[in-house]
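Here's the structure, in structure tokens; my notes come after.
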Amino acid sequence: MISNIFEINCININIIDWDNKKKNLLKLLDNYPEESKEFFHTNKHLPRSGLLPEFCEMFDPEVIQMQKETKMRVHIKDVWTVTYKENEFHNPHNHGHLGFNGVLYLDYIREEHSPTYFVCPFPNAMDDKSMMCSSDVYEGQILAVPAFLTHYTSPNKSKKPKRILAFDFNLVP
Ligand SMILES: [Fe+2]
């Protein structure tokens, strides 16, 4: 018998009424412009105290859905956006050891843009190779993974920018 000792849980949520929500979200994000930072554009280093409460209000149904799925309370700690213009990318990184990191795929053309790549924290015991997988998502979906999970994106080969909204959260009983 073969069984798993450990597993890495992730949460996948479809955003309700995405077309309207996207319009409203883009309008909201006009107040939180991004700047060039490292190898991409973001507002993570800029003042954006109003974004967290407004995001929580706008995406309350999705947060409720996440709470239903996990049977835990979702406590969102931080929200920011990242845009990858042509050739921009994100180096491998993680978001600390506690909680989860969610990504809302805001401007995402599945056929043209890099998915998010995840690196397994342990190698394959049979061939000692690193294990990786990629996100299998569409625009208008949220994918949340444990904050410790290393992830990255490849350089954007499309002339159309890829944009995501990222948020860090804890699951609390
Ligand atoms: Fe990240």
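First residue of the sequence shown? That's -12 in our numbering, and the numbers climb one at a time after it.
We treat Cβ as the ideally placed atom computed from N, Cα and C, and that holds for glycine.
Quick check on R97: buried or exposed, where buried means 16 or more other Cβ atoms within 10 Å of its Cβ?
What you label residue 97 is simply residue 110 of the sequence shown in a count that begins at 1. Classification of R97: exposed, given that the 10 Å Cβ count is below 16.
In whole angstroms, give me the CA-to-CA distance for P40 and D47.
Locating residue 40 in the sequence shown gives position 53, counting from the first residue. Locating residue 47 in the sequence shown gives position 60, counting from the first residue. Distance between the alpha carbons of P40 and D47: 10 Å.
Does at least one heavy atom of ligand 1 sit under 7 Å from the Cβ of N30?
Position 43 of the sequence shown, counted from the first residue, corresponds to residue 30. With a threshold of 7 Å, the Cβ atom of N30 does not count as near ligand 1, since no heavy atom of the ligand is closer than that.
Ordered along the chain, which non-local residues of its own chain (more than five positions away) have a Cβ less than 8 Å from that of A134?
The residue you call residue 134 lines up with position 147 of the sequence shown. Excluding positions up to five away in sequence, the list reads N81, H82, G83, H84, L85, G86, F87, N88, D155.
So what does DSSP say about F46, is it helix, strand or coil?
For this step, residue 46 is matched to residue 59 along the sequence shown. The DSSP-derived three-state label of F46 is coil.
Where K14 and L38 are concerned, what is the direct C-alpha to C-alpha distance, given to the nearest angstrom?
Numbered from 1 along the sequence shown, position 27 holds the residue referred to as residue 14. Numbered from 1 along the sequence shown, position 51 holds the residue referred to as residue 38. Rounded to the nearest whole angstrom, the C-alpha separation of K14 and L38 is 12 Å.
Would you tell me roughly how many angstroms separate the C-alpha atoms of V6 and D115, rounded to the nearest one?
Within the sequence shown, numbered from 1, the residue matching residue 6 stands at position 19. Within the sequence shown, numbered from 1, the residue matching residue 115 stands at position 128. According to the sequence provided, residue 6 is Asp. The question's Val does not apply to it. D6 and D115: Cα-Cα distance of roughly 44 Å.
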